[in-house]
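Residue numbers (our numbering), protein chains in the order written: chain Y, 2 to 390; chain Z, 5 to 378. Heads up: the structure comes next, in structure tokens.
The following block contains the structure:
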């Protein structure tokens, strides 16, 4: 993982939130009660909670970038404590920091706000493949990331909100009310428009835009805190001790395998495939987060997040792990060599091939995952999903 | 087809009461036929599948999901349909297959094998006429690309007696209408030819539709969806007792489009698209695999093996009620208490009161559809 984006190391928590509530009012109290410098602790740890002590004691503070030798029995615990839990801890803490910053300064070009946005968005991209359990409750993942927005719902929703009457605008300050808004008005991609797209931002007076920036940032903090809380207060144990949501260790591994596939699919089909379009019809404005020039960055972040997960799932099969590592090395080197933050070069025939080649690298990776790793984990290459009718 | 076949179709096809009602009537009158669905050993469901060593079969399952019989198939199967009175069913080849096996559902024993005429292949679905004297099969007349409905005499011999136009290209699922005599056909709109396997030959021009046909082959009503939805192939159907048709679509355009996958329709009215503005639409990944109504008809469910999800929606408000996550889920049927699903990982389970219940895992991969028999 690129160390330059792993900013703001966070101290290990001694305990997780006591009785963490998912209601926005409670979260607001905890988020605003403590300064950003305290990192995760602003998510309101006030005392040890027995059920979480184990998690807190073993979970890393950062997502792992390298994978030690693992035996099959250690896979799930390693992925939980070195990948999932630190990923969502980081997401919650960076999002809390984003909300904190937005409430101090909401000028769109304030470097502190833009940096806080970048850090929180990075944290989301590192976990956005983990689309099961806590992220799927209450539409949380969509509330954080409504992308791709193929029908232009986000700018529509933003224009409408920016031109709303005073009463509606006043309502943005109420997190519980804002959480009932359309997902198109919430999350990182809506915030990106407000920070980086003048045609949207300047629809309204700065005060109106400011209110909306604060509402979205606060909402992101509440949503990510709720996801984190659910992971720590129950869902992690569902993975550790199958029986309820999962029937066996094998099913848990299959869920994690699916998450790997989700990440690689997002990478290939969405982050690369959508802007590439057809050779005769490149679609540069379909690149993810091009307004903030984060398109290529997200591709690199995704590769960095997928590699440890893939290697951990390969576990004892060192030959397969080597094969995966080589395929990731290839894709990572290709992504590192690209010098096109927004992927605008999809329209330039002489340069487009570099992005096409990276897509091919990702396709090769997916092939190894589907044909080698899947069967090892007892996952048939989707009899229906790959070949339906 | 000849006019004789047409008149035969007309003369022998009348709507009747439900199979259960029919049976109850016969039994009450003390005149049950020699072989009926009431016989012990008849399965509750049929499903095609693939064994671990790569062979194909049609299985009969009881209400708890246990396998009662396995009928080997020469290649991959798809759907099946049950005779309204005799304990008999037809298992169809998956497109572009050219076999349909008629089996005795008490034992799984093969009775006969149907082969489409030269120049035709099956699409994998079919249905009997209400009296069981005719079998209808969706077919591709692949030299012209025209969708056809094959007609088979089903009272004794399963003789081919002709075909009628399906009303479009790529007829896939097909049901008997409940509001009037006739058929409703999902013309998926995608042209294929066996020489090029399952390659889609006409995506730029595709135009799916839902066609309501008389048994003489006239199109009485047709639903076409406009605009972006032209690339949404109408594939699978569910029939509610009041004649409302549920249809599930498969998106052929760019991935990531947020277009509805399920709709409800009644002839003569516009379609009601389900969850059209709900972001969870994209959890289906543009692909509806099977569709079914709840026992009371208030809910409609769709499976997406690509998304590994079943979505259940409220029919009246067209809003999404809940999601169930199951890897490679595709087969779906109405159950007494809700829905039953099957997966490519061999699982069969009930969806009841918002939860996945009573799962049983079999050592095979269940194919796209689960066909309820009783």
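C-beta: ideal position from N, C-alpha, C; glycine also. Computed from a predicted structure; not experimentally measured.
- With DSSP run on the structure shown, which of helix, strand or coil describes residue 286 of chain Z? helix
- Message: Just to confirm before moving on: does the CB-CB distance between residue 198 of chain Z and residue 238 of chain Z stay below 7 Å?
- Response: no
- Determine the chain Y residues that contact residue 372 of chain Z at a beta-carbon separation under 7 Å, and present them in chain order. 385, 389 and 390
- Task: Evaluate contact between the region 235 to 252 of chain Y and the region 325 to 345 of chain Y, counting only Cβ atoms and requiring at least three cross-stretch pairs below 8 Å.
- Result: no
- Task: Kindly give me the distance between the Cβ atoms of residue 61 of chain Z and residue 82 of chain Z, rounded to whole angstroms, as I take these residues to be in contact under 8 Å.
- Result: Actually they are not in contact, since the Cβ atoms of residue 61 of chain Z and residue 82 of chain Z sit about 13 Å apart, beyond 8 Å.
- Closest to residue 142 of chain Z by CA distance: which of Z:342, Z:161, Z:116 and Z:187 is it? Z:187
- Query: What residues in the region 249 to 269 of chain Y have a beta carbon less than 7 Å from any beta carbon of chain Z?
  - Reply: 255 and 259
- Item | Coarse secondary structure for residue 356 of chain Z, derived from DSSP in three states | strand
- Task: Assign residue 38 of chain Y to one of three DSSP states: helix, strand, or coil.
- Result: Bear in mind that the predicted position of residue 38 of chain Y carries a pLDDT of just 35, short of 50, making it too unreliable to give a figure here.
- Assign residue 72 of chain Y to one of three DSSP states: helix, strand, or coil. coil
- Message: Please state whether the Cβ-Cβ distance between residue 93 of chain Z and residue 104 of chain Z is less than 7 Å.
- Response: no
- Hey, quick one: how far does the beta strand (DSSP E) through residue 226 of chain Z stretch, first residue to last? 223 to 227
- Message: Can you find the residues in the same chain that come closer than 6 Å, C-beta to C-beta, to residue 282 of chain Z, ignoring five residues on each side of it along the sequence?
- Response: 324
- Task: Please list the partners that residue 160 of chain Z has in chain Y, where partner means a Cβ-to-Cβ separation under 9 Å.
- Result: Ordered by position in chain Y, no residue passes the 9 Å Cβ test against residue 160 of chain Z, which lies about 31 Å from the chain.
- Message: Given this structure, state the Cα-to-Cα distance separating residue 53 of chain Y from residue 149 of chain Y, to the nearest angstrom.
- Response: Reliability fails at residue 53 of chain Y, whose pLDDT of 43 lies under 50, so the model's placement of it is uncertain and the value that follows must be treated cautiously. Going by the C-alpha atoms only, they are around 35 Å apart.
- Query: Under the three-state reduction of DSSP, which class applies to residue 343 of chain Z: helix, strand or coil?
  - Reply: strand
- Query: Under three-state DSSP, which class holds residue 236 of chain Z?
  - Reply: strand
- Closer than 7 Å to chain Z by CB, residue 285 of chain Y: no
- Inspect the CB distances between the region 150 to 159 of chain Y and the region 183 to 196 of chain Y and report whether three or more fall short of 8 Å. yes
- Message: Closer than 8 Å is the cut-off here; do at least three beta carbon pairs connect the region 96 to 104 of chain Y with the region 342 to 349 of chain Y?
- Response: no
- Query: Pick from Z:257, Z:77, Z:129 and Z:180: whose alpha carbon is nearest that of residue 88 of chain Z?
  - Reply: Z:180
- Just how far apart, CA to CA, sit residue 333 of chain Z and residue 351 of chain Y? 43 Å
- Message: My parser needs the beta strand (DSSP E) runs of 3 or more residues fully inside the region 134 to 219 of chain Z; what are they?
- Response: 138 to 145, 150 to 157, 164 to 169, 175 to 180, 187 to 191 and 213 to 217
- Item | Alpha-carbon to alpha-carbon, residue 196 of chain Z and residue 222 of chain Y | 50 Å
- Message: Counting only C-beta atoms, is residue 280 of chain Y closer than 7 Å to chain Z at any point?
- Response: no
- Item | The beta strand (DSSP E) enclosing residue 329 of chain Z, as first and last residue numbers | 323 to 329
- Leaving aside the five residues before and after residue 153 of chain Z along the sequence, list all residues of the same chain whose C-beta is less than 8 Å from its C-beta, in chain order. 140, 141, 142, 143, 167, 168, 169, 170, 175, 178, 187, 189, 217 and 221
- Residue of Y:347, Y:90, Y:379 and Y:65 minimising C-alpha distance to residue 258 of chain Y: Y:379
- 8 Å Cβ shell around residue 167 of chain Y - same chain, five flanking residues per side excluded: none
- Query: Going along the chain, which residues of the region 138 to 157 of chain Y sit with their C-beta nearer than 7 Å to a C-beta in chain Z?
  - Reply: 140, 143, 147, 149, 151 and 152
- Task: Look up residue 314 of chain Z in the DSSP assignment and give the residues it is bridged to.
- Result: Z:307 and Z:328
- Message: Closer than 9 Å between beta carbons: that is the criterion. Which residues of the region 246 to 264 of chain Z meet it against chain Y?
- Response: 254, 258, 259, 260, 261, 262 and 263
- Query: The alpha helix (DSSP H) with residue 116 of chain Y in it runs from where to where?
  - Reply: 112 to 128
- Query: For residue 307 of chain Z, does the count of other Cβ atoms within 10 angstroms reach 16, so buried, or fall short, so exposed?
  - Reply: buried
- Excluding five sequence neighbours on each side, which residues of the same chain lie with their C-beta closer than 6 Å to the C-beta of residue 383 of chain Y? none
- Item | C-beta neighbour in chain Y for residue 348 of chain Z, strict 7 Å | yes
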